[in-house]
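S.K.:
Numbering (the working numbering), first residue to last: 2 to 445.
1. Just the C-alpha distance for residue 112 and residue 235, rounded to the nearest angstrom, thanks.
2. Using C-beta distances below 7 Å, list every residue in its chain close to residue 130, excluding the 5 sequence neighbours before and after it, in chain order.
3. Check each candidate in 82, 393, 227, 68 and name the one with the smallest Cα separation from residue 25.
4. Examine the ligand HEM and report whether any of its heavy atoms sits within less than 7 Å of the Cβ of residue 344.
5. Tell me the DSSP secondary structure of residue 95 in three-state form.
6. Short of 7 Å in beta carbon distance, which residues of its chain neighbour residue 422, apart from the five on each side in sequence? Order them along the chain.
7. Using alpha carbons as the reference points, say which of 307, 161, 27, 406 lies closest to residue 446.
8. Roughly how far, in whole angstroms, is the beta-carbon of residue 225 from the beta-carbon of residue 273, given that I think they are within contact range, below 8 Å?
9. In or out: residue 18 buried (at least 16 other Cβ within 10 Å) or exposed?
10. For residue 213, which residues from the same chain have a beta carbon less than 6 Å from its beta carbon, with the 5 sequence-adjacent residues on both sides left out?
11. I need the DSSP call for residue 400, collapsed to helix, strand or coil.
12. Looking only at C-alpha atoms, which of 60, 233, 150, 92 sits nearest to residue 319?
13. Which of helix, strand or coil does DSSP assign to residue 436?
14. Output the residue ranges of the beta strand (DSSP E) runs that lie fully inside the stretch 158-236 and measure 3 residues or longer, sorted by chain position.
15. Under DSSP, the beta strand (DSSP E) around residue 241 begins and ends at which residues?
16. Check for me: the beta strand (DSSP E) holding residue 34 runs from which residue to which?
17. Look up residue 419 in the DSSP assignment and give the residues it is bridged to.
18. Tell me the rounded alpha-carbon separation between residue 35 and residue 188.
19. By the three-class DSSP mapping on this structure, what secondary structure does residue 337 have?
20. According to DSSP, residue 425 sits in a beta bridge with which residue or residues?
21. Measuring alpha carbon to alpha carbon, tell me which residue in 136, 336, 108, 288 is nearest residue 171.
22. In this structure, how does DSSP classify residue 8 when only helix, strand and coil are distinguished?
23. Using three-state DSSP, classify residue 308 as helix, strand or coil.
24. Three-state secondary structure (DSSP) at residue 146?
25. Consult DSSP for residue 370 and reduce its assignment to one of helix, strand or coil.
26. Any idea which residues DSSP pairs residue 255 with across the strands?
27. Identify, in the order they occur along the chain, each residue of the same chain with its Cβ nearer than 8 Å to the Cβ of residue 323, setting aside the five sequence neighbours on each side.
28. Thinking C-beta only, is residue 228 closer than 8 Å to residue 479?
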């Protein structure tokens, strides 16, 4: 890939450092690493002191008076916070981050860990080999994928409120689509994690313009739902700001602008996607590995290395995005519905039948559903081992719990038993409790 380097960036210089006051360490600007004072003073010469006229001060022996580099940085280049905020300068003056947003604070500063790409763009007219590759793998979804990627290049500071799922057999070139994008946005702004990593504590990956989650597949029923819920905060905003928790570092703020790409080889046992999902654009390729010439990828990657990545960067930087709305729900493709259908359990259809038999009630209890269900569904609802799954099944069917505000456990007393009341999800939150209360009163 094309090297991203400036000739002005050689060596270690005084102006490369900022004093991070909360830990009293020193940020080396080119990499964002924290240095102790002793290391700064070992690499940077002492700084001559100057008088009001800018002249170097001297002692009684005529020797220049100096101050340790670290002490000079403390005085002249302190910062109060570390942040990650695309489209803003490395040193952000007179601002601080508080409770998820900027506040004006004169005399304070933040060090911005974001570094823009330094690739020298090529000729947009020469990007056709890459465009052909995207269309080869995803002939029906190529336009949306390319616009999504162009948005990441042109507007890294703006959130796209949906992820792109790229599925298909192994070895057909899914990852090759993203290869030149790393250069286009800056390799340091491209992060990659596994689904398991996403569920862990440390989340340094949110400091990215594109976050690729590789080979997402079935993690078991509970983990699939947990994975889907965890994805919500990364695939859409709000929240506008995320707290970054990295090993051995103090937490800092990162703007929630990462664009999520999920790659998978599995359709039927892959992602959990409900029918009303608004956060995933699903592309699926019918291409097989046997249809790809073994020399095809060698030729493609030689083109990337010879400057093709610069042509792709130029094309994406100039692509017209007037028809692409990053905040609107994405189109629901045939592959999207295939994934939704693959995740439907037999209980979902049986629940729909039960609600139909009940006349699509506005409010209902599990006891009523069970009484109007078939034998298999009634057994499923009565099994305590399924108690954590049932609310999710009901939500998929359009019903949510309406908790009793006057009871610690949220249950309502009906026919001498404490029960949860479920109401239609389409009701406004303030209407749900009122509807549940009316339902309970009608039962007395």
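Just so it is clear, CB atoms sit at the ideal spot from N, CA and C, and this is done for glycine as well.
M.R.: Straight from the coordinates:
1. Position 111 of the chain shown, counting from 1, holds the residue named residue 112. Position 234 of the chain shown, counting from 1, holds the residue named residue 235. The alpha-carbon atoms of residue 112 and residue 235 are separated by roughly 23 Å.
2. On the chain shown, position 129 is the one that residue 130 refers to. Same-chain partners within the cutoff: 301, 304, 309.
3. Translated into positions along the chain shown, residue 25 becomes position 24. Nearest Cα to residue 25 within the set 82, 393, 227, 68: 82.
4. The model depicted lacks the ligand HEM and carries no ligand whatsoever.
5. As a working note, residue 95 is residue 94 in the chain shown. Three-state result, residue 95: strand.
6. In the chain shown, the residue the question calls residue 422 occupies position 421. The residues are 364, 366, 403, 413, 437, 440, 441.
7. Not covered by the structure: residue 446. The range shown for the chain is 2 to 445.
8. Locating residue 225 in the chain shown gives position 224, where the first residue counts as 1. Locating residue 273 in the chain shown gives position 272, where the first residue counts as 1. Right, their Cβ atoms sit about 4 Å apart.
9. What you label residue 18 is simply residue 17 of the chain shown in a count that begins at 1. By the 16-neighbour rule on beta-carbons within 10 angstroms, residue 18 is buried.
10. Within the chain shown, numbered from 1, the residue matching residue 213 stands at position 212. Excluding sequence neighbours, residue 213 sits near 193, 262.
11. Residue numbering aside, residue 400 sits at position 399 when the chain shown is read from its first letter. Looking at residue 400 - three-state DSSP - the assignment turns out to be strand.
12. Here residue 319 corresponds to residue number 318 of the chain shown, with the count starting at 1. For the residues 60, 233, 150, 92, the minimum Cα distance to residue 319 belongs to 150.
13. Reading the chain shown from its first residue, position 435 is the one you call residue 436. Here residue 436 sits in helix by DSSP.
14. Counting whole runs of 3 or more residues, the stretch 158-236 contains the beta strand (DSSP E) stretches 164-168, 191-194, 211-214.
15. Numbered from 1 along the chain shown, position 240 holds the residue referred to as residue 241. Neither: residue 241 is in no beta strand (DSSP E) and is coded neither H nor E.
16. By one-based count along the chain shown, residue 34 stands at place 33. Here the beta strand (DSSP E) through residue 34 covers 34-36.
17. The sequence position of residue 419 within the chain shown is 418, counting from 1. Per DSSP, 414.
18. Working through the chain shown from its first residue, we reach residue 35 at position 34. Working through the chain shown from its first residue, we reach residue 188 at position 187. If I take the Cα positions, the gap works out to 21 Å.
19. Here residue 337 refers to the residue found at position 336 of the chain shown. Note: residue 337 maps to helix in three-state DSSP.
20. Locating residue 425 in the chain shown gives position 424, where the first residue counts as 1. Partner(s): 400.
21. As a working mapping, residue 171 is identified with position 170 in the chain shown. The option with the nearest alpha carbon to residue 171 is 288.
22. For the purposes of this step, residue 8 is identified with residue 7 of the chain shown, where counting begins at 1. Reliability fails at residue 8, whose pLDDT of 47 lies under 50, so the model's placement of it is uncertain and no value is given.
23. Locating residue 308 in the chain shown gives position 307, where the first residue counts as 1. Note: residue 308 maps to helix in three-state DSSP.
24. Position 145 of the chain shown, counting from 1, holds the residue named residue 146. Looking at residue 146 - three-state DSSP - the assignment turns out to be helix.
25. The residue given as residue 370 occupies position 369 in the chain shown. Helix at residue 370.
26. Residue numbering aside, residue 255 sits at position 254 when the chain shown is read from its first letter. In DSSP, residue 255 forms a bridge with 85, 243.
27. Position 322 of the chain shown, counted from the first residue, corresponds to residue 323. Result list for residue 323: empty, nothing under 8 Å.
28. Absent from the structure is residue 479, since the part of the chain shown begins at 2 and ends at 445.
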